[in-house]
Structures are given as C-alpha cells and as structure tokens.
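Q:
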Amino acid sequence: MRHLPLRIGLLLLGIAILPGAGPARSAAGGERAGQVMTVTGLVSPASLGLTLPHEHLLIDSRLPDEAEDTWALSGRRRPTGERALAIYRAPLAMDLLGPVALGSDNRDNWLLDSEETARRELAEFRSFGGRTLVELTPRGLGRDLAALHRLAVATGVQIVAGAGVAPSPWGAAGHGPDAAALTRELLADLLTGEGGVCAGVIGELRVLDPASERDRRLLMAAARASRASGAAIVVTPPGRGDPGAEATAILDLLAAAGADLRRVALGRAERLAKDLPRLTALLARGPYLLFDALGEWPHVNTLVSDHDVAVALRELSRAGHGAQLLVSQGVAAKIRLKAYGGGGYAFIPEQYRPYLRKLGLTEGELQALLVTNPQRLLTLAAPQGDAR
Amino acid sequence: MSPSRLFPTLAIGLLLATLGAPAGAADLPPIPDLTGRALTVRGPVDPAALGPTLMHEHLFIDFKAPRSQRPEAATDAELSLQPLRLDNLAAVRAGHWCADNDFLGSFDDAVAETLAYKELGGGTIVEQSCILLGRDPIALFRLSNATDLHVVMGAGWYQKAYHPPGFAATTVEEMTEVMVRDVVEGVGGTGIRAGILGEIGINGRPLIDIELRMVRATARAARLTGAPISFHVGGVGEEKFTVLGIVAEEGVDLGRVVMSHSNGMALDLEFGRRVLATGVTIEFDWLGAPGSPGGFLGSYTDRDIAIGIAQLVREGYARQIVLGHDICNKLQLRKYGGLGYTYIHEYFLPALRELGVSEADIHTMMVENPARILAFAPPQELVGR
Ligand SMILES: [Zn+2]
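Note that the protein sequences, when read in sequence, are chains A and B. Numbered per the working numbering, the first sequence spans residues 1 to 388. Numbered per the working numbering, the second sequence spans residues 1 to 385.
(1) When you compare only the Cα positions, how much space is there between Met37/A and Ala199/A?
(2) Comparing alpha-carbon positions, which option in Val371/A, Lys338/A, Arg336/A and Leu337/A lies nearest Arg353/A?
(3) So for Ala28/A, helix, strand or coil by DSSP?
(4) Buried or exposed: which applies to Asp268/B, given that a residue is buried once 16 or more other Cβ atoms fall within 10 Å of its Cβ?
(5) Residues in the stretch 295–320 of chain B with C-beta within 7 Å of chain A's C-beta atoms, listed in sequence order?
(6) Give a yes or no on whether the minimum CB-CB distance between Pro71/B and chain A is below 8 Å.
(7) Distance, Cα to Cα, Phe128/A vs Val309/A?
(8) With distances taken from CA atoms, which of Ala323/A, Arg240/A, Gly258/A and Ala46/A is nearest Gly385/A?
(9) Quick check: the stretch 80–89 of chain A against the stretch 290–300 of chain A, are at least 3 beta-carbon pairs closer than 8 Å?
(10) Residue range of the beta strand (DSSP E) that His54/A falls in?
(11) What ranges does the alpha helix (DSSP H) occupy inside the stretch 100–161 of chain B, keeping only unbroken runs of at least 4 residues that lie completely in it?
(12) I want to see whether chain B comes within less than 8 Å of Asp95/A, judged by CB atoms only; does it?
(13) Thinking Thr342/B and Ala116/B are a contact (beta carbons under 8 Å), I'd like their distance in whole angstroms, please.
(14) With burial defined as no fewer than 16 other Cβ atoms inside 10 Å of the residue's Cβ, what is the status of Lys358/A: buried or exposed?
(15) Where does the unbroken alpha helix (DSSP H) through Glu363/A begin, and where does it stop?
(16) Which residue comes first and which comes last in the alpha helix (DSSP H) that contains Thr155/A?
(17) In chain A, which residues lie with their C-beta within 8 Å of the C-beta of Asp87/B?
(18) Identify whether Ile12/B lies in helix, strand or coil by the three-state DSSP scheme.
(19) If you drop the 5 nearest sequence neighbours on each side, which residues of the same chain put their C-beta closer than 7 Å to that of Ile306/B?
(20) Jot down the residue ranges of each uninterrupted alpha helix (DSSP H) in the stretch 37–92 of chain B, minimum 4 residues, whole runs only, in chain order.
(21) Opposite His389/A in the DSSP bridges: which residues?
(22) Looking at Val235/A: is its Cβ nearer than 8 Å to the Cβ of Ile250/A?
(23) Indicate whether Gly341/A and Gln329/A have their beta-carbon atoms separated by less than 8 Å.
(24) Please report the distance separating the alpha-carbon of Ala382/A from that of Arg303/B.
(25) What is the chain-ordered set of residues for which the beta carbon lies under 6 Å from any non-hydrogen atom of ligand 1?
(26) Should Leu85/A be labelled buried (16 or more other beta-carbon atoms within 10 Å of its own) or exposed?
(27) Name the residues in the stretch 124–138 of chain A whose C-beta lies less than 8 Å from a C-beta of chain B; which are they?
(28) Leu395/A and Arg131/A look like a contact to me (Cβ under 8 Å); what is the Cβ gap, rounded to whole Å?
(29) So if DSSP puts Arg139/A in a beta bridge, which residue, or which two residues, is it bridged to?
(30) Buried or exposed, going by whether 16 or more other CB atoms sit within 10 Å of the CB of Gln69/B?
(31) For a minimum of 4 consecutive residues, which ranges assigned as the alpha helix (DSSP H) are wholly contained in the stretch 233–298 of chain A?
(32) DSSP three-state label for Ser260/B, please.
(33) Which residues in chain A have a C-beta closer than 8 Å to the C-beta of Lys335/B? List them in chain order.
(34) Where does Gln332/B sit, in a helix, a strand or coil, going by DSSP?
(35) Counting only Cβ-Cβ distances shorter than 8 Å, please list the residues of the stretch 293–305 of chain A near chain B, keeping chain order.
Here it is as structure tokens:
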C-alpha cells in the first residue's frame, strides 16, 4: 500500500509565480536549494549515483488523429503504400522489429503504457548499478506522476520527473499560451506538483523551430521558470536542420530570456559528435552537451554511431570539458525496450560504460559523465528574482 | 520425418568413409565441361538467368558447435540453451551466445524469408553452408523449386573448430577429391551438385598447416572443375597474399576467387586496393545484422562500409565487388526481428545510390559480377601434370 507524500496546498499557483517568495521552500518547509526533487520527495544530491538525464518510462506519442496537418506538425512522414500501412497499423511484434528500427512508422511503437513493463525494465537498470533516472515525458504525452511514484517505490530507483510542455500536435495549437501562462504552468509542476509529486527539472522542451513564436515563448518561459525555481532545463533541438545553428538559436533565446546557460542541458548533441570544433564552441557558452540517443541499432542510415559519440566523449574529456558532458538513451518507444530486443534503460551501465572504458575513458571521466554531472544538473539552485 | 532431416548424418558418414580411403588423382570421376554455365542445385543454368544475386548467405545452417566456446558464466550458459524468443532477443543481440540463434533449420521459414527477397526482384542466392555446417542439398533443392529462386550450393570445409575428427591428417589429394566429387557427382548421393567451393574457412592469423592444405586443395578442385572459390576471410592481413599466391601457383585465375568478409577493406582502403590489385573480388557481407556477436557497439557501421564502397566504385573497382548478408543467425531473419534477405535491396542499395553510386555500378555488383564469377571456367589438368 502506498501513500503519496503530501506537499500540496500551501503553495497556490499565485504564490508560485512570485519569484523569490514561495519557490525557495517546499510545502513541507525544507529548503529546496542544494537538494534534488524526486517523485518521492527531496533527496540529497550525494544519493543520486549513476543517473540517466533523459528517459521516458511512460509515454504516448501516437498521433492524436490522422489528419494531414497532424502528420505535418509531428514532423513524421505519413506512411503510404500497402506494406508501410500494414506495418503502421499492426501491433508491434517480433517480425516488425527490423523495419521499425530502420524507420518504418508503427503506431503501437509510440506507446509505452505498461507500468509492469516499465517496472521490469527499470529493475534491470537498477541491477546494473543504475540509481536515478530522469523521466521527461511532458504533460499531454501521457505523463503520469502517480505512476512514476509507484515505480520509484517499487524498484528503488530514484525518479526525477520533468516539467514540460507537449509540442504540437499533442499540445495546444497555434502559438500556444503566452510566456507568462507557460511559466505558471512549469512552476506549478515544479513547486506544487500533482498529488504531491513534484517535477525536479524543466523538460523535456522539444523545440520544433527556434524561429517560431511558439518556441520563443516556450524558451522564454523555461528561462523564467528556471530562475524562479532553481531547476535546470533539458532542451531537445528540432533535429531537422543544421545542428549547430539549431543549438545556437536555442542558447541565444534562453540567454536573452535570462537563463543561466550553465543550468541548461542541450540534447541531441550526438548530431555534432563528428564536429569537435563546433561542440567546443557550444561548450564555451556554458551548457551541458547531452548525448541522448544511445543504444540504438546502427545501420546504413546511421549518420553518427554510439562509437562516434564515445570517441567524442573521450576527446572532449581529454580537452578539459569533462564536467559538461551527459549521456542518456532517450528511450521513448517500444523497440528501445529490452522486452522488444532493445538496449533498455540499462544500456549505458550494462554495455556503454564498459565500451567507454575500453576506448580509454578513465574512471574519473566516467564518474563525471555518469554521476557528478547529472548530480550537478539536478541539484536545485537558489531561486533568483526576475529582473525582467 | 523428411529426407532432409535424415541427411546430415548420412553425409557425415559418407564423408568419413571417403576420407578413410586412400585417394589420388586417378580416383577422380570424369569431369564434365560446364564452361560458361553456372551450377545451381537444379542443375547448370545460363548465368544470364541468375539476375540480382546475394553472394554469401546461409538458408540452412547449424553451427551450434563447438562446445569449447560455451559460456562459462552460469546465467550465460542458461541463456545459451534457450530458444531465441522476443524475451531474450535483447541479450542475444547484445552478444550473449544462444545456441538456437546459430541454427537455421526451418524449411518453411526459409521459404517465407527468401520469397520476400524474390518479391523485390531477387534472382539467386549463393548458399555457403559447407561440410559440417548443416549443408542440406535436398532442402536447398526443394526451396529452389518452391520459390523458383536459383540457389548455388557450397562445398569444402569451414574453419578449424568445425573440422571433422581426424581432419588434420587429411592430405591435399583427399580434400581435393571430396570437393571435386561434390561438384561433379553431387553431395552425399543426392546428385545435387555444389556450384562454388566455399565458404572455405581460412582464418590465417597466422596461417596454419591445415589451412595451407585446404587452400591448395580448393585451388586444385577449382582448376579441375572450373568452379569458383569463396574464402571465409582468406587469411588476416598479409596472410591473404600468401593464400592468393598458393591459388595462383595452382593455375587458378584470381578472378575466380571471392574474399568473403572484407568489410574491413571499406575502412582501410589502402589495404583494400592492394588486395584488389591481385584481381580477386572482395565481398562486403554481414550487412544489416542487428547486433550479435559484437552487440550494437562496434567501431564502424554499415554506413561506413557503404561510404568505403562508394569510394572504391569511384576509383573503378565496381567489377571486383559483391555483396551479401551472410545470414547465419536467427536474429538476422525478419521473423526474429531482423531484416532478412531483403536489407541490401531495401536499405543498403538506396544508401549507395544516395552516396553517388550509379545504377550501372549497382547492376555490375549485384548482377554482372555474380554471373561472371559463378559461370564455370574450362576444366583443366592440374599444373605440372
Ligand atoms: Zn564466413
């Protein structure tokens, strides 16, 4: 029998948006700054251990409908042709794992809704020494904080939930709410939570087009919520255009809105893994580079492999950037689970850590990558008044 | 029980009986002249009929042995005994050994998987399961009839761990005779004939005595029958040149030789060019495999291989390149989460096109080269006789 810790109530949304007042204290009265907010409450950063900063345990990213617009907004390409449609509609079974891994869309693949499967996969992570996992499913994509709480209790893995906003076509249409409303929404997740379960980080922020009004508002809200709560930001670039330009545009917007870029983790960094000069230029601005697509089946359309990422991690560590690197698997679909032949949440501790060691990363570098850096990212900073 | 199930035991019996008898050139059967014809399990055909050809596959294979390689750790040993299923696929893909994965024995599965290849325009599959790898002439013959695909069967011996007991004492003459009979008379009394000598298991790091004898015997069998040769690896690094030197010494044109498992040459182009300069064909295979034995993690991907191939093609080597999946594990099949015999057509060739390889060069690699190589050369006397 479980019962959720009660932290609700005292902090109303109205208070939460007054930076510097409420946010520094939880409802229970403890200082948040210097601690890490997990779904089971505040914990000491030292307790985090091996931590994955970007995963999804429960998510439903199936398209809400089959309209042409919906497909366009999702950035996915509508399957055409008899075989592609048959694959799209069928439940994901063993004989579809190949084509789906190579890019065939499958509706069922986008749904992680079994708490029991999540529990088993998470236990697997724990058995390989995993200690903490950051679950970044945003509201609107099947986020279930109560379920995350149950999973944390059942497995002993500490879970940090994300305060995120679903991108279209799952979230609000058009430009979406204004930045103030978005800020309130993020702060409510971070400070009040749902049923007493609070988010501990801002993300996943999936940016579709940094030039759009919608994403400008989103990044502005994230920057404000980060200042007001002390929580870090995990942002996912679009992944469609030039990776360096996308990353730069996102960092520019966040910085302009007052975010401390040292509290930002920039996802999809693997796209630049073969371009160390550009990665180095991004690092100079202060953010963490988050390589968050590890553990996928490499094939002929794989432009950057886990090996390429490993080489980049080694070279950047040797160049003195080891304190700004993060790795995660970014599991968000069935084929990534061990239950469907994937690497699962345990891929990094089970397979990648030994591989990195083999490539020459030192124990100290691995400790930074897997423990110390995520710990620093997730430790809540002291809230700052919003000067803007 | 089907004849194909009874067959392997019979074949081994016959093989050992053959090896037991003293053999010399005088014992060789009369050798037919198949010049210009490819030899499939349904008999000789005009190579022009072969169409797109996968040069290195296994439709039926059993290489669960050797026991010496069984995992030591208890939970790995437990996994090694389970049938391959969805719930252990992740572990097997990640490189944990599962004996069932090293076993393709279902006729119906083989038909379904190869029909998918045929639907995409596939014409021929070169099946390189050889002695003690579960080679199954009757099943190959039936599959060829069931699918109307051309199937070319292999001959000879695989690497050392799969050699029959006492094989180390076999003479070059004895080996030559077994391979010649497989090509001329057919395998194990079935009358179904091998159309390629391969995959001949030469690891060569360094070459050992039995491998040197296998190379020489294979070259002689090729000289006598006109059959092409496919070496598994064919020696590591510089050893390849020793292997090819022996083949040339026995009077076989190196254009008749395919070096399988040459993926490394797409990365070390300098070495690849040196090998290509000998006139052999290099084969890129084990394409599209979802992990195992190395797992998903490796220093290069199919993408890197495709980039290397595109470069070699730009340099004019298209006539010396062939492709295959080397399917030998269940997890490579569609049924078990893989991409089956269609990955090259569905994914690899489109990537090559994207990298600038022309349709004509793809035709050269997929159709013309296999047809030229599989067409028999004129049978000749051994050198110096
Ligand atoms: Zn081989």
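Don't be surprised by glycine CBs; every beta carbon is placed ideally from N, CA and C. Since the model is a prediction, treat every value here as computed from it, not as a measurement.
A: Taking the coordinates as given:
(1) Cα to Cα, the separation comes out at about 7 Å.
(2) Val371/A
(3) Low confidence applies to Ala28/A: its pLDDT is 36, below 50, so where it sits in the model is not reliable, and the reading given next is rough at best. It is coil, neither helix nor strand.
(4) exposed
(5) Gly295, Phe296, Leu297, Gly298, Ser299, Thr301, Asp302, Arg303 and Ala306
(6) no
(7) Taken atom to atom, the span from the alpha-carbon of Phe128/A to that of Val309/A is near 21 Å.
(8) A check of alpha carbon separations from Gly385/A across Ala323/A, Arg240/A, Gly258/A and Ala46/A identifies Gly258/A as the nearest.
(9) Too few Cβ pairs lie closer than 8 Å, so no.
(10) Leu50 to Glu55 is the span of the beta strand (DSSP E), which, as asked, contains His54/A.
(11) If only uninterrupted alpha helix (DSSP H) runs of at least 4 residues are considered, those enclosed by the stretch 100–161 of chain B are 107–119 and 137–147.
(12) yes
(13) 5 Å
(14) exposed
(15) Glu363 to Gln367
(16) Leu145 to Thr155
(17) Ala339
(18) The predicted position of Ile12/B is uncertain, since its pLDDT is 45 and thus under 50; a value taken from the coordinates is nonetheless stated next. Note: Ile12/B maps to helix in three-state DSSP.
(19) Sequence check: residue 306/B is Ala here, not Ile. Within the same chain, Ala306/B has close Cβ partners Phe348, Ala351, Leu352 and Leu355.
(20) 74–80
(21) The structure shown does not extend to residue 389/A, since chain A is modelled only from 1 through 388, so no value can be given for it.
(22) yes
(23) No. Outside cutoff.
(24) 47 Å
(25) Glu199/B, His232/B, Ser260/B and His261/B
(26) exposed
(27) none
(28) Missing from the structure shown is residue 395/A; chain A here goes from 1 to 388 and no further.
(29) Val165/A
(30) exposed
(31) 243–256 and 276–283
(32) coil
(33) Met94 and Asp95
(34) helix
(35) Hits within the stretch, in order: Gly295, Glu296, Trp297, Pro298, His299, Val300, Asn301, Thr302, Leu303 and Ser305.
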